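Quick notes on the structure that follows.
There are 2 protein chains.
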Amino acid sequence: MTEPVEQLDHLVRCGWTPEGAEAAHLPAHALRWLRARTGLAERSTPVAPGSAFPVAASALPDAAREALIAVVGAEHVLLGTAERLGRAGGLSYVDLLRHRGAGELAVPDAVLLPADPDEVRRVVECCAEHGIGIVPFGGGTSVVGGVTALRGECPAVVVLDLMRLDKLVSVDPVSRLATFQAGVVAPEAERLLLSHGLTIGHVPQSFERATIGGFAATRSSGQASAGYGRFEDMVEGVRIATPRGEWRLGVAPASAAGPDLRQLVVGSEGALGVITEVTVRVRPLPTVRRYEGFVLDGWTAGAEAVRILAQARVLADVTRLSDPTETEVALSLAGGWKTAAVRRYLRLRRVGEPCLLILGWEDTSAAVVKTRRAATLRALRGLRMVGLGRAAGEKWRHGRFAGPRQRDALMDLGVCVETLETAAYWSALSELREAVRDALDSALSVAGRVPVVACHISHAYETGASLYFTVLAPRADEDPVGQWAKAKAAACAAIGPLGTITHHHAVGVDHAPYLGNEIGTLGVDVLRAVKDTLDPDWVLNPGKLV
Amino acid sequence: MTEPVEQLDHLVRCGWTPEGAEAAHLPAHALRWLRARTGLAERSTPVAPGSAFPVAASALPDAAREALIAVVGAEHVLLGTAERLGRAGGLSYVDLLRHRGAGELAVPDAVLLPADPDEVRRVVECCAEHGIGIVPFGGGTSVVGGVTALRGECPAVVVLDLMRLDKLVSVDPVSRLATFQAGVVAPEAERLLLSHGLTIGHVPQSFERATIGGFAATRSSGQASAGYGRFEDMVEGVRIATPRGEWRLGVAPASAAGPDLRQLVVGSEGALGVITEVTVRVRPLPTVRRYEGFVLDGWTAGAEAVRILAQARVLADVTRLSDPTETEVALSLAGGWKTAAVRRYLRLRRVGEPCLLILGWEDTSAAVVKTRRAATLRALRGLRMVGLGRAAGEKWRHGRFAGPRQRDALMDLGVCVETLETAAYWSALSELREAVRDALDSALSVAGRVPVVACHISHAYETGASLYFTVLAPRADEDPVGQWAKAKAAACAAIGPLGTITHHHAVGVDHAPYLGNEIGTLGVDVLRAVKDTLDPDWVLNPGKLV
Numbered sequence: 005m006t007e008p009v010e011q012l013d014h015l016v017r018c019g020w021t022p023e024g025a026e027a028a029h030l031p032a033h034a035l036r037w038l039r040a041r042t043g044l045a046e047r048s049t050p051v052a053p054g055s056a057f058p059v060a061a062s063a064l065p066d067a068a069r070e071a072l073i074a075v076v077g078a079e080h081v082l083l084g085t086a087e088r089l090g091r092a093g094g095l096s097y098v099d100l101l102r103h104r105g106a107g108e109l110a111v112p113d114a115v116l117l118p119a120d121p122d123e124v125r126r127v128v129e130c131c132a133e134h135g136i137g138i139v140p141f142g143g144g145t146s147v148v149g150g151v152t153a154l155r156g157e158c159p160a161v162v163v164l165d166l167m168r169l170d171k172l173v174s175v176d177p178v179s180r181l182a183t184f185q186a187g188v189v190a191p192e193a194e195r196l197l198l199s200h201g202l203t204i205g206h207v208p209q210s211f212e213r214a215t216i217g218g219f220a221a222t223r224s225s226g227q228a229s230a231g232y233g234r235f236e237d238m239v240e241g242v243r244i245a246t247p248r249g250e251w252r253l254g255v256a257p258a259s260a261a262g263p264d265l266r267q268l269v270v271g272s273e274g275a276l277g278v279i280t281e282v283t284v285r286v287r288p289l290p291t292v293r294r295y296e297g298f299v300l301d302g303w304t305a306g307a308e309a310v311r312i313l314a315q316a317r318v319l320a321d322v323t324r325l326s327d328p329t330e331t332e333v334a335l336s337l338a339g340g341w342k343t344a345a346v347r348r349y350l351r352l353r354r355v356g357e358p359c360l361l362i363l364g365w366e367d368t369s370a371a372v373v374k375t376r377r378a379a380t381l382r383a384l385r386g387l388r389m390v391g392l393g394r395a396a397g398e399k400w401r402h403g404r405f406a407g408p409r410q411r412d413a414l415m416d417l418g419v420c421v422e423t424l425e426t427a428a429y430w431s432a433l434s435e436l437r438e439a440v441r442d443a444l445d446s447a448l449s450v451a452g453r454v455p456v457v458a459c460h461i462s463h464a465y466e467t468g469a470s471l472y473f474t475v476l477a478p479r480a481d482e483d484p485v486g487q488w489a490k491a492k493a494a495a496c497a498a499i500g501p502l503g504t505i506t507h508h509h510a511v512g513v514d515h516a517p518y519l520g521n522e523i524g525t526l527g528v529d530v531l532r533a534v535k536d537t538l539d540p541d542w543v544l545n546p547g548k549l550v
Numbered sequence: 005m006t007e008p009v010e011q012l013d014h015l016v017r018c019g020w021t022p023e024g025a026e027a028a029h030l031p032a033h034a035l036r037w038l039r040a041r042t043g044l045a046e047r048s049t050p051v052a053p054g055s056a057f058p059v060a061a062s063a064l065p066d067a068a069r070e071a072l073i074a075v076v077g078a079e080h081v082l083l084g085t086a087e088r089l090g091r092a093g094g095l096s097y098v099d100l101l102r103h104r105g106a107g108e109l110a111v112p113d114a115v116l117l118p119a120d121p122d123e124v125r126r127v128v129e130c131c132a133e134h135g136i137g138i139v140p141f142g143g144g145t146s147v148v149g150g151v152t153a154l155r156g157e158c159p160a161v162v163v164l165d166l167m168r169l170d171k172l173v174s175v176d177p178v179s180r181l182a183t184f185q186a187g188v189v190a191p192e193a194e195r196l197l198l199s200h201g202l203t204i205g206h207v208p209q210s211f212e213r214a215t216i217g218g219f220a221a222t223r224s225s226g227q228a229s230a231g232y233g234r235f236e237d238m239v240e241g242v243r244i245a246t247p248r249g250e251w252r253l254g255v256a257p258a259s260a261a262g263p264d265l266r267q268l269v270v271g272s273e274g275a276l277g278v279i280t281e282v283t284v285r286v287r288p289l290p291t292v293r294r295y296e297g298f299v300l301d302g303w304t305a306g307a308e309a310v311r312i313l314a315q316a317r318v319l320a321d322v323t324r325l326s327d328p329t330e331t332e333v334a335l336s337l338a339g340g341w342k343t344a345a346v347r348r349y350l351r352l353r354r355v356g357e358p359c360l361l362i363l364g365w366e367d368t369s370a371a372v373v374k375t376r377r378a379a380t381l382r383a384l385r386g387l388r389m390v391g392l393g394r395a396a397g398e399k400w401r402h403g404r405f406a407g408p409r410q411r412d413a414l415m416d417l418g419v420c421v422e423t424l425e426t427a428a429y430w431s432a433l434s435e436l437r438e439a440v441r442d443a444l445d446s447a448l449s450v451a452g453r454v455p456v457v458a459c460h461i462s463h464a465y466e467t468g469a470s471l472y473f474t475v476l477a478p479r480a481d482e483d484p485v486g487q488w489a490k491a492k493a494a495a496c497a498a499i500g501p502l503g504t505i506t507h508h509h510a511v512g513v514d515h516a517p518y519l520g521n522e523i524g525t526l527g528v529d530v531l532r533a534v535k536d537t538l539d540p541d542w543v544l545n546p547g548k549l550v
């Protein structure tokens, strides 16, 4: 039913499935459910081959090219169509649509592969001197246009691929600190820490491809951030290359020496400097893991459970609540007799609107996991909750990166599939969920058929939580990019008065129009002033953030 | 032996003892110990009366005065010598020396008492228009010159006293948020939350006088920050008055909408704007408290205990380790038969270099306190530790604000008494302690007699901890201000390569020369650019931060 993704003739980043990893494909029952639920018309729309794209010749001026070659060597200034196409944008639905022939790809004029932080600094200075735009590029997993090769006011733009900055620089086991070069991919970072018995514990869905530098640049948050903290909480030090030279920050775990400028670099999205090294707080590698599934009846009860845990400060390291729709999607896509048994069991227990709650604890000691689990469950004693046992938890854990890969298969089938996220204080959270659902429903409904809008809480705090939405709808034949743009705009407008425009996806191009609403005119002016200071010619990541 | 502090003839902030509170005085045995230890020459040097200071007439231009009167009313523009003297500086040792006639007091040209955030905004705009410097003033407890009425390039400077911004604006119990006006004094904030059953839990030594706005402006840290977090962790939203208008930040507990600009405002020390409202995360008021004292043998063992607790994430809400010298000071100043008994007991248990460890747990549930205490003590099982029981813990808790008050008594006696603090990663912490001790020892030694340099860890993190030094030495007869300036410079030079110049006292005037070393030239440029944006005429808190 699904056609295999066509082998591409360029070094491609046209989907979420990592090279060598098994492609996801939808089983027949899942497709049947999807067809019934969304009115999907079956079709096949594979990724277009590189040769299908008319790619303009590199506009990099000769003088700049020669100067860059002098810094990194000719073999690290890539000018070929394939290499340039391979870094044309990130992995949002619209990025992927573009790789399937819809809309225009912004192709960089060259790809640079500097060897180390010093070469990055010299590349940045060289580009600034020649007025060439620079797009810092880690795993290329941005879903908000954060790595789109826009030129801004520059005559040309290069992608600065940090893949060669792949070293673990140092480990301080006493202080639990590890310094990584920015281009280290998350699984490799964990592998490098293995012999030290340490872990970062940062596991966003982009884990398989994203980099340490990217996590810092985007204020990333991981599936286990309840336990390990958001990436911004882990960043102890940063080294940044700017057109005005190198900048290093971080001498102590906490300081009152003025504003925390690390928190200005974290989330700067390559627009204020290129992060070349990050010092992160690390922890002992957990040896004991316990993941379990539970079901609560209805969103209100589910969100209440998570709030109780967050405010009693007994969140499991992974605490993840699916709303009734997302729970339905999970059960429907999984299928099989086990799912049928779960449905029967929940009916028997009179759970009308099942909301799946995944709780996972990790530690080096079974006793600590036991104690922490007991504290979590004790806090929920007053709630009606049905246990699904460890199998449900382990199923989630093993499929934790499947979502993005499944997206490739869904796109092959002509599904409009995208995610968006926000966060708000608890008292506004349910209203925010309704507002975004309503906005997406009405923007994507066709002939009375509403899209599937699933939602979960994956990050909870004492004062509020995140909401993560997954949208499934039949893709519009005409202007599918415009179809999603309209839905996204409606969702952002709904978020505006109630929450943040992004909890962990960053600003990029997509959220830039909404930033002023959130941080005020003065906030935007402040960011522009900081950019003027560090990047006076505005060559860093044109069109992103501000 | 001590003379009572002379009743002042101005609205004074010349010492740490709050109005109406009992003045501390040193018992005879404490004074004997101090004399033996430091070679203190007994004398009496009380606070000078206001009339002893030659205060220049207000230089506030007529036009500015009229404009300010139009905003806040004539009764809220104070021009009298007494009122102006009363806001002449903060409460550092040097500030207090100045109030005793040593060195020059920087006296503001007027004191303004705006009624609310809107009046603050209009005052700020009015001052910017007339080029008048503004020193935002909360509790006036800065120990780094943060509220010194410097004029900078301005012809006149006013103190903007926020005492009338004393309201609890709103409470959101579901989200555990409370919004306060900036001038609410900490005990009053706690009183206002009492009927909601909530607490902020922020208890620095300045608690009795400091304000919510001041906590935010200085990145304050409290004695229970291990449990409640640093103040920067509690700040969810801020409202700031700048010469370019009002700025509001904070819509969600966490966000990836670019850099966290709240963390730029927190620690901005009134130099980027006047904080008028702060939304803080609150928690249920604890009803169960358990404080205990323990003793470890030697600094290394003590610091190791705190590191273990921090890294196992089982710190008590209050976790405070005194080094051998501070432990000696505590025992010597306390005196009495109980102290003698403790000394005997420790000798019996063969504790050579006693280091006092105070652990305190607070919660609404006795069961939770019990569980958390068990987790803390379990983590320390492998260490040799002598329990001193709850009395020692309670003694610390009841005397938690005594330190600053005792300073008044010590100054009366001619003691050079000051504190300074820093923080570093664990692997550098003991080296940092040695370096600062050596620097202070050699700067303050006279004729072979070394000062008392006591140190404690009061804030611990997974990656490092703070060090807080208390210095006692005989005051120099000639130039006591210069005596301390030399010692402070030596300490700052020692801190430079190893830690932060301040963990929770802020930058103010005193640390400004060292900021560039810590955040780099680019960091200072960034702060200046932000100031240029928000305060184009540089009227806000001249001479502080940058």
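Going down the list, the sequences are from chains A and B.
When we follow my numbering, the leftmost residue of the first sequence carries the number 5, and every step to the right adds one.
When we follow my numbering, the leftmost residue of the second sequence carries the number 5, and every step to the right adds one.
We put the CB at the ideal spot given by N, CA and C, even for glycine.
For clarity, every value in this text was computed on a predicted model and none was experimentally measured.
Residue closest to residue i, alpha-carbon to alpha-carbon, out of the options
i               : options                           : result
T42 of chain A  : A:S272, A:A510 and A:D445         : A:D445
C459 of chain B : B:Y429, B:T423, B:E273 and B:K490 : B:T423
P554 of chain B : B:L164, B:E129, B:L117 and B:H134 : Here chain B covers residues 5 to 550 and nothing more, so residue 554 of chain B does not appear.
D514 of chain A : A:T152, A:G397, A:H103 and A:A464 : A:T152
T280 of chain A : A:G340, A:P290 and A:V242         : A:V242
Q209 of chain A : A:G527, A:V322, A:A533 and A:I499 : A:V322
V207 of chain B : B:A370, B:L198, B:S229 and B:T222 : B:S229
H508 of chain B : A:G107, A:S259 and A:R39          : A:S259
A320 of chain A : A:D367, A:A338, A:T283 and A:S326 : A:D367
Secondary structure of residue i, DSSP reduced to three states
i               : result
I505 of chain A : coil
P634 of chain B : The question about residue 634 of chain B has no answer here: the residues shown for chain B are numbered 5 through 550.
M167 of chain A : coil
A458 of chain B : strand
P408 of chain B : helix
Q11 of chain B  : Residue placement at Q11 of chain B cannot be trusted, given a pLDDT of 35 that sits under 50; what the coordinates show is reported in the next sentence. In the structure shown, Q11 of chain B sits in coil (DSSP, three-state: anything other than H, G, I, E or B).
G84 of chain A  : coil
Y97 of chain B  : helix
V419 of chain B : strand
V475 of chain B : strand
V16 of chain A  : Annotation note: pLDDT 47 at V16 of chain A (below 50); position unreliable, coordinate value reported separately. DSSP places V16 of chain A in coil when its eight states are reduced to three.
D445 of chain B : helix
Beta-carbon separation (whole angstroms), residue i vs residue j, contact threshold 8 angstroms
i               : j               : result
T145 of chain A : L95 of chain A  : 5 angstroms
W542 of chain A : G156 of chain A : 6 angstroms
T215 of chain A : L166 of chain A : 7 angstroms
Residue-chain proximity (residue i, chain D), Cβ-Cβ < 9 angstroms
i               : result
L265 of chain A : Here the protein chains are A and B, and chain D is not one of them.
Q: Give, in chain order, every unbroken run of the beta strand (DSSP E) that is at least 3 residues long and sits entirely within the segment 206-256 of chain A.
A: 239-246 and 249-253
Q. Using 8 angstroms as the threshold, is the segment 408-422 of chain B in touch with the segment 326-336 of chain B, meaning 3 or more CB pairs across them?
A. Taking one beta carbon from each stretch, the segment 408-422 of chain B and the segment 326-336 of chain B have fewer than 3 pairs nearer than 8 angstroms; the two do not touch.
(Q) Suppose only complete runs of 4+ residues qualify. What are the alpha helix (DSSP H) ranges in the segment 311-380 of chain B, listed by chain order? (A) 328-338 and 340-352
Q: Output the residue ranges of the beta strand (DSSP E) runs that lie fully inside the segment 483-527 of chain A and measure 3 residues or longer, sorted by chain position.
A: none
Q. Which runs of the alpha helix (DSSP H) spanning at least 4 residues fall entirely within the segment 138-208 of chain A, listed in chain order?
A. 190-198
Q) Are the segment 475-489 of chain B and the segment 231-246 of chain A touching, with three or more C-beta to C-beta distances below 8 angstroms? A) no
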